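> Next up is a structure, given as structure tokens.
2 protein chains.
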Amino acid sequence: MKRDRYGQLTAAMVLLLAALSATAAEPDPLPSWQEGATKSSITAFVERVTETGSEDYIPPAERIATFDNDGNLWAEQPMYFQLFFAIDRVKALAPQHPEWESQEPFASLLKGDVKAALAGGMPAINELIMTTHAGMTTDEFAVLVRDWIANARHPETGRLFTDMVYQPMLELLAYLRANDFKTFIVSGGGIEFMRPWTEAVYGIPPEQVVGSSVVTEFALREGKPVLVRLPEIRFIDDKEGKPVGINSHIGRRPVFASGNSDGDLQMLQYTAAGQGPRFMLYLHHTDAEREWAYDRESHVGRLDKGLDEARARGWTVIDMQRDWKAVFPKRQD
Amino acid sequence: MKRDRYGQLTAAMVLLLAALSATAAEPDPLPSWQEGATKSSITAFVERVTETGSEDYIPPAERIATFDNDGNLWAEQPMYFQLFFAIDRVKALAPQHPEWESQEPFASLLKGDVKAALAGGMPAINELIMTTHAGMTTDEFAVLVRDWIANARHPETGRLFTDMVYQPMLELLAYLRANDFKTFIVSGGGIEFMRPWTEAVYGIPPEQVVGSSVVTEFALREGKPVLVRLPEIRFIDDKEGKPVGINSHIGRRPVFASGNSDGDLQMLQYTAAGQGPRFMLYLHHTDAEREWAYDRESHVGRLDKGLDEARARGWTVIDMQRDWKAVFPKRQD
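Residue numbers (the numbering used here), protein chains in the order written: chain A, 923 to 1255; chain B, 923 to 1255.
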């Protein structure tokens, strides 16, 4: 029997649909999350904003989800991982800088006394960052970051830093993307420190990374156009800076925002203030055994005002110890 | 006969593929482009970088295409359309500013003498932009832009400004996206002047628009977090600023860049300097009948050094009169 094209197509579609609907129940998209109020608040939100005809339906183009990075997608103890990079750069550059032997914060660092080096507070950290993060082209900096991230290891766990990402958050990112959310990083960390590896590690491409930055300048080097990183802060993507960075890079108010410290509070407030359904998520570090436990008194990633506001406004707070079956991915090496 | 699921699925796929391959030859994706060297240079590039196994294959994630806006995606004569917006804002605000009757550039503008108003050069234009583009929240500004763009008409053609986009460029944007390119605007125009309408008009979402900007500041208004636009330039996305803006927003070097003036030259140079296959495209305004003809001597959209460099380096130059069958979309109103 000869069928016309329409009939052939219809028959094919019917068979295909039948085959697909015979598939077993879909696997849990968030297998590392314990069943309970936290997990179900996330899945309930995603279901109600993606269901066609739902009163709370959000069109795919508006499904903007923003995630802090340090302490939210990967760990941040005993100090921001970017500082380990800066310290390793100081060591690598030391032979060209004999004057550092008697100059702080370098002298202490080179003696291995990180605590003494950072005792100078923000000016010391600023000097450290500017010395190690500027003076090269953006392409050269990306190579330095790529080499470091592929080899450097956390001093306490011995793991690669990219293996100290949170398995439940990787699942959450993938789950949101499977539901047509566009996932962004909005971090106080350096934008060009993150971009070389976020696509491979988180599935987040460079154009969806927002962060702090130095001034860059267009220049011709041997006739080739390059961008040179200058030792001057352009933008700090933290606290009040986060909504500014979101507006500048994304141009839309997120409908889903996830952070772990008071530095994320304005991002969550800004998200909450939009019209329509919103989801605000805080990660509370409560697990001293598998990770670290810290909040109101911590120097890194302090969560104090944010915790109060989350409770007062009914935002979802992840209790790491209670809500996560696993913290880090299974160790490969 | 009962088939197992795998057999059922296979049968369905075979039928479906047969049905789809019976489809007629694909329609021309660039119907408003004349057949010839310009059009075929574009399609040849796209084919060779998207064909699996090609030596010049570019993975989808790296298919970044950047487009200037004024004079490249929409017209820019007799002056940048954003200036018409600024002038209409001055008129709307005039009742609240009696002092403008004797204060330039406002006094001339309100008398209808645009030329005299702009005779003050950049300081006058700057004052005009700051007065009309700052002092409100980003959300309020977006409403002003949306209202204006929906109603304002070009003084010479009587068309809506959004109907003065170039039909061949709309086709090019769609063609690139159909081939998994990510299309960005990189314009000297105001980023927040473009974002409210680029998605509807060009299919380019706000997060893929790069432009000039003013400083914004996070503030609480009646307890609600907002961003306030301040009368201070943050970034000029023109000339040397374009590669800087691309790096800041996208974080990858484009593989395809399209512009029409010397203000786009550094973007094209930066694109050309990357490794692997690249495509640099200049639009030359040669059509005094259907649009405007201007290049080396024009005050708006001057194309002088860029034209020389394009010819010297073999970049593709669109001759509007020769290469485009149509310039604007068919008139609807």
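Glycine residues also receive a C-beta, built at the ideal position from the N, C-alpha and C atoms. Predicted, not measured: the structure shown is a model, and the values here were computed from it.
Quick check on this structure: which residue in Tyr1204(A), Gly1042(A) and Pro1153(A) has the alpha carbon closest to the alpha carbon of Asp992(A)?
In the first sequence, counting from the first residue as 1, residue 992(A) sits at position 70. Nearest of Tyr1204(A), Gly1042(A) and Pro1153(A) to Asp992(A), Cα basis: Tyr1204(A).
> Count the other CB atoms within 10 Å of the CB of Gln1004(A); is the residue buried (16 or more) or exposed (fewer)?
Walking along the first sequence from the start, residue 1004(A) turns up at place 82. Flag for Gln1004(A) reads buried.
> With a CB to CB cut of under 8 Å and the five nearest residues on each side skipped, what residues in its chain are close to Leu1229(B)?
What you label residue 1229(B) is simply residue 307 of the second sequence in a count that begins at 1. If we look at Leu1229(B) and ignore the five residues flanking it on each side, its Cβ neighbours are Tyr1204, His1206, Asp1217, Arg1218 and Val1239.
> Give the list of continuous beta strand (DSSP E) stretches no shorter than 3 residues that lie fully inside the region 958-1008 of chain A.
986-989
> What residues from chain B crowd round Arg971(A), counting only those whose CB sits closer than 9 Å?
What you label residue 971(A) is simply residue 49 of the first sequence in a count that begins at 1. This sequence places Val at residue 971(A); Arg is not what is there. In chain order: nothing, as chain B lies at least about 18 Å away.
> Tell me which same chain residues have a C-beta within less than 7 Å of the C-beta of Asp1159(A), skipping the five on either side of it?
Looking up residue 1159(A) in the first sequence gives position 237. So the list reads Val1108, Ser1109, Gly1110, Val1132, Gly1133, Ser1134 and Gly1167, once near-sequence residues are dropped.
> Please report the distance separating the alpha-carbon of His1221(B) from that of Gln999(B).
Along the second sequence, read from residue 1 onward, the residue named residue 1221(B) stands at position 299. Along the second sequence, read from residue 1 onward, the residue named residue 999(B) stands at position 77. Cα to Cα, the separation comes out at about 10 Å.
> If the cut-off is 9 Å on Cβ atoms, which residues from the region 1130-1141 of chain B count as contacting chain A, listed in chain order?
Gln1130, Val1131, Ser1135, Val1137, Thr1138, Glu1139, Phe1140 and Ala1141
> Using the Cβ count rule (16 or more neighbours within 10 Å means buried), how would you classify Tyr1088(B)?
Working through the second sequence from its first residue, we reach residue 1088(B) at position 166. Buried, because 16 or more other Cβ atoms sit within 10 Å of the Cβ of Tyr1088(B).
> Roughly how many angstroms separate the alpha carbons of Ala1029(B) and Thr1138(B), rounded to a whole number?
Here residue 1029(B) is taken as the residue at index 107 of the second sequence, counted from 1. Here residue 1138(B) is taken as the residue at index 216 of the second sequence, counted from 1. Roughly 29 Å separates the two Cα atoms.
> Val1067(A) touches chain B at which residues, Cβ-Cβ below 7 Å?
As a position in the first sequence, residue 1067(A) is number 145, starting the count at 1. Chain order gives no chain B residues near Val1067(A), where near means a beta carbon separation below 7 Å; the closest approach is about 12 Å.
> Across which residues does DSSP place Ser902(B) in a beta bridge pair?
Residue coverage of chain B in this structure runs from 923 to 1255, which leaves residue 902(B) outside it and unanswerable.
> Do Phe989(B) and Phe1157(B) have their CB atoms nearer than 8 Å?
On the second sequence, residue 989(B) is found 67 positions in, with the first residue counted as 1. On the second sequence, residue 1157(B) is found 235 positions in, with the first residue counted as 1. No.
> Should Pro1017(B) be labelled buried (16 or more other beta-carbon atoms within 10 Å of its own) or exposed?
Residue 1017(B) sits at position 95 when you count from the first residue of the second sequence. Label assigned to Pro1017(B): exposed.
> Residues of chain A with a CB under 9 Å from the CB of Lys1227(B): which are they?
Within the second sequence, numbered from 1, the residue matching residue 1227(B) stands at position 305. Those within 9 Å of Lys1227(B) in chain A number zero; the least Cβ separation is about 14 Å.
> Entirely within the region 1159-1238 of chain A and at least 3 residues each: give me those beta strand (DSSP E) ranges in chain order.
The DSSP assignment places complete beta strand (DSSP E) segments of no fewer than 3 residues inside the region 1159-1238 of chain A at 1178-1181 and 1201-1208, in order along the chain.
> If you run the structure through DSSP and keep just helix, strand and coil, what is Lys924(B)?
Counting from 1 along the second sequence, the entry for residue 924(B) is found at position 2. Because Lys924(B) sits at a pLDDT of 45, beneath the cut-off of 50, its placement in the model cannot be relied upon, and the following sentence gives the value as read from the coordinates. Coil, per DSSP.
> Taking C-alpha atoms, which residue in Leu1190(A), Phe1178(A), Phe1140(A) and Gly1181(A) lies nearest to Ala1195(B)?
Position 273 of the second sequence holds residue 1195(B). When each option's Cα is compared against that of Ala1195(B), the closest is Phe1140(A).
> Quick check: the region 1073-1090 of chain A against the region 1245-1252 of chain A, are at least 3 beta-carbon pairs closer than 8 Å?
yes
> Would you kindly work out how many angstroms separate the C-alpha atoms of Pro1147(A) and Leu1187(B), rounded to a whole number?
As a working mapping, residue 1147(A) is identified with position 225 in the first sequence. As a working mapping, residue 1187(B) is identified with position 265 in the second sequence. For Pro1147(A) and Leu1187(B), the distance between alpha carbons rounds to 11 Å.
> Using the rule of at least 16 other Cβ atoms within 10 Å of the residue's Cβ for burial, across every protein chain shown, is Asp1102(A) buried or exposed?
Your numbering for residue 1102(A) matches position 180 in the first sequence. Label assigned to Asp1102(A): exposed.
> Assuming contact is defined by CB atoms lying nearer than 8 Å, are Ile980(A) and Pro1176(A) in contact in what I supplied?
In the first sequence, counting from the first residue as 1, residue 980(A) sits at position 58. In the first sequence, counting from the first residue as 1, residue 1176(A) sits at position 254. Not closer than 8 Å, so no.
> Just how far apart, CA to CA, sit Arg1235(B) and Glu984(B)?
Translated into positions along the second sequence, residue 1235(B) becomes position 313. Translated into positions along the second sequence, residue 984(B) becomes position 62. Roughly 23 Å between the two C-alpha positions.
> Once the 5 residues before and after Met1058(A) are set aside, which same chain residues still bring their CB inside 7 Å of it?
For the purposes of this step, residue 1058(A) is taken as residue 136 along the first sequence, with counting starting at 1. Within the same chain, Met1058(A) has close Cβ partners Arg1151.
> Would you kindly report the start and end of the unbroken alpha helix (DSSP H) that includes Leu1066(B)?
Taking the first residue of the second sequence as position 1, residue 1066(B) is located at position 144. From DSSP, the alpha helix (DSSP H) with Leu1066(B) extends over Thr1060 to Asn1073.
> Leaving out five residues on either side along the sequence, give the residues of the same chain with a beta carbon under 8 Å from the beta carbon of Ser976(A).
In the first sequence, residue 976(A) corresponds to position 54, counting from 1. Hits under 8 Å: Arg970.
> Taking all protein chains shown into account, do 16 or more other C-beta atoms lie within 10 angstroms of the C-beta of Asp1184(B), making it buried, or fewer, making it exposed?
Your numbering for residue 1184(B) matches position 262 in the second sequence. Asp1184(B) should be labelled buried.
> Please confirm whether Arg1244(A) has its beta-carbon closer than 8 Å to some beta-carbon of chain B.
Taking the first sequence and counting its residues from 1, one reaches residue 1244(A) at position 322. No, no contact with chain B.
> Counting only beta-carbon atoms, is Lys1252(B) nearer than 8 Å to chain A?
Along the second sequence, one-based indexing puts residue 1252(B) at 330. Lys1252(B) does not count as touching chain A.
> According to a CB-to-CB cut-off of less than 7 Å, which residues of the region 975-989 of chain B neighbour chain A?
Ala983
> Hey, Asn951(A) and Tyr1124(A) are a contact pair by Cβ (cut 8 Å); roughly how many whole angstroms apart?
Along the first sequence, read from residue 1 onward, the residue named residue 951(A) stands at position 29. Along the first sequence, read from residue 1 onward, the residue named residue 1124(A) stands at position 202. Correcting the residue type first, residue 951(A) is Pro in the shown sequence and not Asn. Their Cβ separation, rounded to whole angstroms, is 16 Å, which puts Pro951(A) and Tyr1124(A) out of contact at 8 Å.
> For Arg1233(A) and chain B, any beta-carbon pair shorter than 8 Å?
What you label residue 1233(A) is simply residue 311 of the first sequence in a count that begins at 1. No, Arg1233(A) does not count as interfacial toward chain B.
> Suppose you measure from the CA of Ala1046(B) to the CA of Pro1027(B); what does that come to, to the nearest Å?
Taking the second sequence and counting its residues from 1, the one referred to as residue 1046(B) is at position 124. Taking the second sequence and counting its residues from 1, the one referred to as residue 1027(B) is at position 105. About 6 Å.
> Per DSSP, which residues does Gly1112(A) bridge with? Please list them.
Along the first sequence, read from residue 1 onward, the residue named residue 1112(A) stands at position 190. Beta-bridge pairing links Gly1112(A) to Ser1134(A).
> Mind checking if Lys924(B) is an interface residue toward chain A, Cβ cutoff 8 Å exclusive?
Position 2 of the second sequence, counting from 1, holds the residue named residue 924(B). Any reading at Lys924(B) must be qualified, since the residue scores a pLDDT of 45, below 50, and its modelled position is unreliable; the value itself is stated next. So, not an interface residue.
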